[in-house]
Every structure is written in structure tokens, then in C-alpha cells.
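K.L.:
Residue numbers for the sequence shown follow this note's numbering, so the first one is 1191 and each next one is one higher. Where a beta carbon is used, it is the ideal one built from N, C-alpha and C, also for glycine. Input: one structure, supplied below.
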Amino acid sequence: MRALVTNDDGIDSPGIAALTRLAVAAGLDVVVAAPATQSSGASAAITAVREEGRTIVERRELPDHPDVPAWAVRAQPGHIVVAALTGWLDPAPDLVLSGINHGANVGRAVLHSGTVGAILTAAVHDVRGLAVSLDVALHPTGERRWDAADDLFPRVLDLLLDAPPGTSLSLNVPDRPAEAHRKLRHARLATFGAVQARVDEVGPDGLRLGEVEVGTEPEEGTDGALLAAGHPTLTALRPVAEDEGRLVPDWLAHAERVRA
């Protein structure tokens, strides 16, 4: 089975090296394609840097896996996934693995994550995807535990491969040794993420958008609360879909009367 490994932290990030190591150890046929530079907050954007209409791609050699084909792409993760699934890579990947992200992807703020955007883009093409994120503080100190997902990854991968095509799973892992983890828990999304954007400065020539850690406690049983308590969390996500129950016939009839 062929797996595309990507992320939004960039091709040179330690997280993508860790996820590549896990994918290779799982026996997958791995190809790595990730943004050439930091692309956090890209969501499922398919923008790219182009020259004469062509997305700029550079072949890379991964220090720990020189035999794994790898490319640095001047594009967002969503663009990379679309290209990989629609003619760039031959054969096309059977699944998309995204991460390991430097920072948790929890709450409804996952909408903005390029790491999560990659697997939701894959889902639109009926391809399974797994996003892996490490719960790192906004301003961390010390060393990161990039091996924190080692024990969890094989189990979650098996679960993903048994799931229907187009399944998207988001795994968040505490930044601590595996023996310090509590039980893996299924979790619903918290109202907010671990970090929120805010306007820090407004001037005559523009504004500056910054990030702050959310000060309120997440709701009990949500991904944010369980992760804070030391549980790795697993959440199934779905891409954009119509909400059949939102517009009811009575509303539509009322709208027609108002327009008349």
C-alpha cells in the first residue's frame, strides 16, 4: 500500500521525519511530499508558487531515509494532496499521512490546520487519511517527544485501513513519554482549539494577527480536555458536506413569501 507523507510544518521539520519513520516501519510504500517552507494555518488551500504555470518542485534526500523518494513543494498541503492523487504520482497514494504536527489540532479550530486540511482533501477523493499532532505549548521549552506516537501509530493505522474509503482520523498525542500516557480515547471536538488567533495591532497600513493560548477550560469529554488530562485522543472528521436538516421546507416557504 502506497502512502503519501506530508505536513504543514515543512519538509525539514522533525515531525515529518518521525512520521516517515513510522510509515516505513509499518511496511508501507512511502513517498514524501511536503511544503518547502512553513505552511501552518493553510487549511485545505490549494495555492502554490508557480513559474510559467508550473508548481515549483525540488527533489530532496531525507537524511534518515535516503531511499524514500521525497519532494519539497512550493505549495500548501492541500495542493500537494490534490496533485498526488490526480496524476503527479504514479501510482497514486492509497492513503495520506499528515504530520507529526508541532502543536495539537483540537477543537473546531482544526478547520484552519494545514495538517488536517491535507487529510480532508484526501477524503474528497475517497482516500483514507490520518493526521498526527503532538501537544506542544505555544511557547515550549525543552525537547519535544517526537517518539510519543510510536506505540499508538500501528494500532491507529490498522483502524484506518479497516475503515471505509474517505475516512479521516485525527490523532493527538501528549508531548510526554509513552509510558506516561493515559488510555487512548475517542473524543469529540471542543468548541475552541488550544490556540486562537487575535488581532494584536491595527495601524493605518494594516493589521497584525497573532496567536494566544485559549484561557477557558475545554468541555468535559472533548479532545482538548482529554488531551490536557494526558490521554491521546482520536477523532473521526469529515470534509464539507451539505446539512440536509438546516433548511427546512417552512423556512423556504417563508423566504418565498418575503421575497414576494
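For ASP1260, does the count of other Cβ atoms within 10 angstroms reach 16, so buried, or fall short, so exposed?
P.N.:
Note on residue identity: the sequence assigns Ala, not Asp, to residue 1260. With 16 or more Cβ atoms within 10 Å of its Cβ, ALA1260 is classed as buried.
K.L.:
Taking 8 Å as the cut-off, decide whether the C-beta atoms of ILE1270 and ALA1321 are in contact.
P.N.:
Not closer than 8 Å, so no.
K.L.:
Starting from ILE1309 and walking both ways along the alpha helix (DSSP H), at which residues does that stretch end?
P.N.:
Its alpha helix (DSSP H) spans residues 1304-1314.
K.L.:
Check each candidate in ALA1262, GLY1332, SER1230, ASP1348 and name the one with the smallest Cα separation from ASN1295.
P.N.:
If we check each option's Cα against that of ASN1295, SER1230 comes out closest.
K.L.:
Do GLN1266 and GLY1304 have their C-beta atoms closer together than 8 Å?
P.N.:
yes
K.L.:
So VAL1272 and LEU1324 are in contact, right, with Cβ under 8 Å, and what is the actual spacing, rounded?
P.N.:
Not confirmed; about 26 Å, so no contact.
K.L.:
On the DSSP bridge assignment, give the partners of LEU1287 in chain order.
P.N.:
VAL1195, LEU1320
K.L.:
THR1331 to ASP1257, Cα distance in whole Å?
P.N.:
33 Å
K.L.:
Please go through the same chain and pick out, in chain order, the residues whose beta-carbon is closer than 6 Å to the beta-carbon of ASP1284, but skip the five residues on each side of it.
P.N.:
MET1191, ARG1192
K.L.:
Can ARG1240 be considered in contact with the ligand ADP, in the sense that its beta carbon sits closer than 7 Å to one or more heavy atoms?
P.N.:
As presented, the structure is devoid of all ligands, the ligand ADP included, so that no description of it is given.
K.L.:
So, with DSSP's three-state summary, where would you put LEU1366?
P.N.:
Residue identity differs from the one stated: residue 1366 is Arg in this sequence, not Leu. Coil, per DSSP.
K.L.:
Going by beta-carbon coordinates alone, are SER1360 and VAL1300 separated by less than 8 Å?
P.N.:
Yes, Cβ-Cβ distance for SER1360 and VAL1300 is below 8 Å.
K.L.:
Do THR1423 and LEU1417 have their C-beta atoms within less than 8 Å of each other?
P.N.:
Taking 8 Å as the Cβ cut-off, THR1423 and LEU1417 qualify as a contacting pair.
K.L.:
Give the single residue among LEU1252, ILE1236, VAL1392, ARG1264 whose Cα lies nearest to the Cα of VAL1222.
P.N.:
LEU1252
K.L.:
Can you name, in chain order, every residue of its own chain whose Cβ lies under 7 Å from the Cβ of ARG1250, other than the five neighbours on each side?
P.N.:
ILE1201, ALA1260, TRP1261, ALA1262
K.L.:
Roughly how far, in whole angstroms, is the beta-carbon of ILE1290 from the beta-carbon of GLY1205, given that I think they are within contact range, below 8 Å?
P.N.:
4 Å
K.L.:
Taking the alpha helix (DSSP H) that PRO1281 falls in, what are its first and last residues?
P.N.:
Careful: PRO1281 lies outside any alpha helix (DSSP H) and carries neither H nor E.
K.L.:
Run through DSSP, which three-state label would GLU1446 get?
P.N.:
Shown here, GLU1446 sits in a helix according to DSSP, grouped into three states.
K.L.:
Should LEU1347 go down as buried or exposed, given a rule of 16 or more other Cβ atoms within 10 Å for buried?
P.N.:
buried
K.L.:
Please go through the same chain and pick out, in chain order, the residues whose beta-carbon is closer than 7 Å to the beta-carbon of THR1381, but skip the five residues on each side of it.
P.N.:
GLY1297, ARG1298, GLU1409
K.L.:
Who does GLU1272 pair with in a DSSP beta bridge?
P.N.:
One point to set straight first is that residue 1272 is Val, not Glu, in the sequence displayed. Answer by DSSP bridge pairing: none, since VAL1272 is not bridged.
K.L.:
GLU1391 to ALA1232, Cα distance in whole Å?
P.N.:
22 Å
K.L.:
Using the Cα positions of VAL1317 and PRO1355, report the straight-line distance between them to the nearest angstrom.
P.N.:
Cα to Cα, the separation comes out at about 5 Å.
K.L.:
What are the boundary residues of the beta strand (DSSP E) that VAL1258 is part of?
P.N.:
1255-1263
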